[in-house]
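First the structure, in the form of structure tokens, and then the observations on it.
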């Protein structure tokens, strides 16, 4: 069996799994959720199953591409950050050539799936690629790089909704806005665990940009998400189960916002809250499906 270099005892295939973050499914699922929100809402709760499959596989391929591109950009920065120093490209357990090859395979898989979509959705998929590739560089030049990530996340909504309806109507943009604000919220939470390392290295993050006001900013992002989802629910006449799921989500986000105001919150708490957002997203998905 192939082994990684430098006396590492892990098989190459397992190191590639770590490169793709498939051993940490939360980051894959949290991209899949907005795509599923959109495809089910656009189809009034009953999308074609093949299209649902394409969206699930497409988000897996896209997130794989994003992870590898991010690690290629940050291979010299990640060793300086406690949370990321063991990533394969940072630890030099995979070569740059292997990383580029894996990225090309992921992009090719996403491209094949994109050909299943209609013309508008296909070109939206093409438009998303530069955002995904350039996002990791944003932390070097842009004060709020999480906004770039949020826009990348928003493409999941635009692609999925238009794959059903072949257009981008007002409800699409309400869901897009909710997704962008939700992503800004949970990714700023995630960035709070890296504040000291990011400041020492000299890279930007929304957690550093907002500073002591980061918990307030996150609360506002989550509040904006609730408002836009409520507006969406009214616009497309979702029933009571959606409103129950939105109430549950609101309680979760309020609890997180209050917890973030605590001083001396341990770093693992931020990752825990990030993972909680996956479950919040699935609760909302269930409400959207049954409430359509």
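Numbering (this note's numbering), first residue to last: -13 to 278.
All C-beta atoms in this analysis are idealised placements derived from N, C-alpha and C, irrespective of residue type, glycine included.
Computed from a predicted structure; not experimentally measured.
- Following the DSSP letters along the chain, one finds residue 12 inside the alpha helix (DSSP H) bounded by residues 12 to 28.
- Scanning its chain for C-beta atoms nearer than 7 Å, with the 5 sequence neighbours on each side dropped, one finds around residue 55 the residues 89, 118, 119, 122, in chain order.
- The Cβ-Cβ distance between residue 179 and residue 69 falls below 8 Å.
- Here the stretch 152 to 161 makes contact with the stretch 18 to 36; the two share three or more CB pairs at distances below 8 Å.
- Put simply, the backbone Cα of residue 16 is about 14 Å away from that of residue 167.
- With contacts defined by Cβ atoms closer than 8 Å, residue 149 and residue 104 form a contacting pair.
- Using a 10 angstroms sphere on the CB of residue 199, the tally of other CB atoms stays under 16, which defines it as exposed.
- The Cβ-Cβ distance between residue 192 and residue 209 does not fall below 8 Å.
- Rounded to the nearest whole angstrom, the C-alpha separation of residue 67 and residue 187 is 9 Å.
- Contact between residue 47 and residue 92 holds, with the beta-carbon distance rounding to 5 Å and staying under 8 Å.
- Proximity to residue 1 across 165, 225, 72, 135 peaks at 72, based on C-alpha coordinates.
- Residues 262, 266 of the same chain have their beta carbon placed closer than 7 Å to that of residue 238, with the five preceding and five following residues left out of the count.
- When the five nearest sequence neighbours on each side are left out, the beta carbons in the same chain lying within less than 8 Å of the beta carbon of residue 64 are those of 57, 70, 71, 73, 75, 76, in order along the chain.
- By the Cβ neighbour-count rule, residue 116 is exposed, with fewer than 16 other Cβ atoms within 10 Å of its own.
- A Cβ-Cβ distance of about 5 Å is found for the pair residue 174 and residue 204, placing them in contact under the 8 Å criterion.
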